[in-house]
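These notes are about the structure you will find just below.
There are 2 protein chains.
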Amino acid sequence: MSEAAILERIRKLAETRNAAVVRGIGDDCAVVRPNLNTDLVFTTDFLIEDRHFRLAEQSAVAIGHRALARSLSDLAAMGSQPVFCMVSLALAPRLTGRWLSGFYRGLIRLADEFGMALAGGDLSQAEKVVADVMCCGKVPRGKALLRSGARPGDVVYVTGKLGRPWTLRPVPRIAEGISLRRVATAAMDISDGLSLDLRRLCLESGVSAELESAAIPIFRGATLERALHGGEDYELVFTTRPRTRTRFIRVGVIGRGRPGTVLLDGKPLRAGGFDHFRETRS
Amino acid sequence: MSEAAILERIRKLAETRNAAVVRGIGDDCAVVRPNLNTDLVFTTDFLIEDRHFRLAEQSAVAIGHRALARSLSDLAAMGSQPVFCMVSLALAPRLTGRWLSGFYRGLIRLADEFGMALAGGDLSQAEKVVADVMCCGKVPRGKALLRSGARPGDVVYVTGKLGRPWTLRPVPRIAEGISLRRVATAAMDISDGLSLDLRRLCLESGVSAELESAAIPIFRGATLERALHGGEDYELVFTTRPRTRTRFIRVGVIGRGRPGTVLLDGKPLRAGGFDHFRETRS
């Protein structure tokens, strides 16, 4: 199949629309018209064959869903509303038929749920599938949730149970993130495991954190170890001032220890999550 | 080297700034504050080892330069001013030292030339180098140059000589693109060869084009064949109303033939450029 024919097929699949996208697929660039008093947030995430998934083990639809979910989870962590995405996909010519359609169906179905346009991307040939998905979200001016706002005395929360099995289709916590705009002092998503991601939040905020093992909400069938170090949770970890009320799950407090230190029941917790250049997923 | 250490090194290299980027590398997303009455344009381009370059033949600096130049050329085609880029890079662990630094130096040096921030990205492991660079540019509201505005009777121009050797470091035609905002009816960049890219412009505009071989400006040492079908030109092709004056090179006119047809001296010109799913680069 020629590139033009493939692109035409993607363009037809991408009927999803967002009013901010003035011009989508079909030109050198997508054209986006931002609202007044709005900040835009941007993130991009790879999903790579034999690194993040195996072709034989997951359907094309599930892989397309996951490729977008990873980036959407970053939008959730900023408290933003999804606007559009761009999808770069490299794959072998033998996959440009049904597999490619399935990939885009899975991705676009999730985009539709959040009123998000597929505005463009790139297509190339490669031996292994490489998807790189860029997402743009919007947030009222100055209201984006950052990693850097946690202060000693703040309370640490997570939005849901940790240690999900990898087989489930993750749903990014967009609504939860938006609801945190007025209450969270800092937030990020848990994509590489709570132990590693909370450490990153603490580093950016220049603080430490103390978790209580009894408070960690564990997904049915998972262990505490997996809940702490697993990396497919797509939940958010966030902090609030001590007296703020939220409907989420309190797991610890922010302290004045060495920046980036995370304690569990008073003892240092190793950051055992997923480092993309060390094979440390537990 | 750990991912955190690599990211910290990139963050230090990325000192380039743009006032619109409120928050760059270091959070879940970059935060961008658009100007009033501005449209934003977005594009993303792959640069893949053994597909678009060979590691042994080009320096890391040249590859970083080219990875950004490809996307910048799309910004030029829209008549936009660069604002920021996001860089997704997958590579083998053995390349995370000097090679990675060289890649970012080459990329950031070019970004600096255009006052563009490196605002974020992703980093992963892969057997072959895959870079995916997303660029954002800005343009006064409603002034983006599209492919779809060419009308019969319009004149076709290119911004420079075609058929460049691949070894030269391309400089995207940003200033030229901005100068075309008031004069061009349609524009795009020549990244896959004039014959194929002009065909794409004609398809989007629903028109045909007639080129004169004697008018095609040929790069020193190149052939007409290469000037028509080569794919490393980084020049722009654009159309204007008949009486518009420009300082660029007139190569033909827009006609009423079957949409997408390109004639050369009255005879159909095959679209011989680079199709990413057929090996047709001539």
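As given, the protein sequences belong to chains A and B, one line each in that order.
Going by the working numbering, the first sequence opens with residue 1085, and the numbers climb by one from there.
Going by the working numbering, the second sequence opens with residue 1085, and the numbers climb by one from there.
Backbone N, C-alpha and C define an ideal beta-carbon position, used for all residues, glycine too.
Show which residues of chain A have a CB atom less than 9 Å away from the CB atom of B:L1202.
By Cβ distance, chain A contributes nothing, its closest Cβ being about 12 Å from B:L1202, past 9 Å.
Roughly how far, in whole angstroms, is the beta-carbon of A:I1333 from the beta-carbon of A:V1267, given that I think they are within contact range, below 8 Å?
Not confirmed; about 14 Å, so no contact.
Considering only residues of the same chain and omitting the five flanking positions on each side of A:L1308, which have a CB-CB separation below 7 Å?
S1297, I1300, I1302
Tell me which residues share the same chain as A:V1239 and place their Cβ nearer than 7 Å to its Cβ, disregarding the 5 neighbours each side in the sequence.
T1323, T1324, P1326, R1334, V1337
Looking only at its own chain, which residues have a Cβ that is under 7 Å from the Cβ of A:E1288, when we skip the five neighbours before and after it?
R1231, S1232
Do A:R1257 and A:D1317 have their beta-carbon atoms positioned less than 7 Å apart in this structure?
no
Mind reading off the beta-carbon distance from B:L1264 to B:A1271? Whole number of angstroms is fine, and I expect it under 8 Å.
6 Å
Rounded separation between B:L1120 and B:A1201 - CA only:
20 Å
Based on the DSSP output, what are the partners of B:V1255 in its beta bridges?
Its beta-bridge partners do not exist; DSSP assigns none.
Let's see if you can read the secondary structure: which residues bound the beta strand (DSSP E) around A:L1207?
1201-1209
Cβ shell of A:R1117 (< 7 Å), same chain only, five flanking positions each side left out
A1104, V1106
Within 7 Å of chain A by C-beta, residues of the stretch 1121-1135 of chain B in sequence order:
D1123, L1124, V1125, F1126, T1127, T1128, D1129, F1130, I1132, R1135
In chain order, what residues of the same chain have a beta carbon less than 8 Å from the beta carbon of B:S1143, not counting five sequence neighbours either side?
G1186, G1190
Along the stretch 1227-1246 of chain A, what residues have a CB closer than 8 Å to any CB found in chain B?
A1228, L1230, R1231, S1232
Go through its chain and collect everything with a Cβ distance to A:S1172's Cβ below 6 Å, but skip five positions before and after it.
G1205, D1206, D1216
Chain A contact for B:C1169 (CB, 7 Å cutoff)
no
Interfacial residues, the stretch 1260-1293 of chain A to chain B, with Cβ spacing under 7 Å
M1272, D1273, E1288
Cβ neighbour criterion (16 or more within 10 Å) applied to B:G1108
buried
Please report the distance separating the alpha-carbon of B:R1354 from that of B:L1348.
9 Å
So is A:P1118 in contact with chain B if we call contact Cβ pairs under 7 Å?
yes
Applying the criterion that 16 or more other CB atoms from any shown protein chain within 10 Å of the CB defines a buried residue, is A:S1292 buried or exposed?
buried
Which chain B residues sit within Cβ distance under 8 Å of A:G1108?
Residues of chain B passing the Cβ test: none, with the nearest at roughly 10 Å.
So, does the CB of A:G1356 fall closer than 7 Å to a CB anywhere in chain B?
no
Within 7 Å (strictly less), CB to CB, does A:V1213 reach chain B?
no
Strictly under 7 Å for the Cβ-Cβ distance: is A:G1205 near chain B by that measure?
yes
Chain-ordered neighbours of A:A1114 on chain B, where CB pairs are closer than 8 Å
V1125, F1126, T1127
Beta bridge counterpart(s) of B:F1168 as assigned by DSSP:
B:A1201, B:C1220
Return the Cβ separation of A:L1229 and A:A1153 in integer angstroms, given the expectation that the two are a contact with Cβ distance under 8 Å.
In fact, because the Cβ distance is near 19 Å, the residues do not count as touching under 8 Å.
Closest residue to B:I1090 among B:L1175, B:V1115, B:G1163 (Cα-Cα distance)
B:L1175
To the nearest angstrom, how far is the alpha carbon of B:S1275 from that of B:K1245?
13 Å
Indicate the three-state DSSP secondary structure (helix, strand or coil) for B:S1292 in the structure shown.
strand
What does B:S1208 reach in chain A if we use C-beta pairs closer than 7 Å?
F1130, I1132, R1135, H1360
So A:G1148 is in the alpha helix (DSSP H); what residue range does that whole segment cover?
1144-1161
Within 7 Å of any Cβ in chain A, is that where the Cβ of B:A1104 sits?
no
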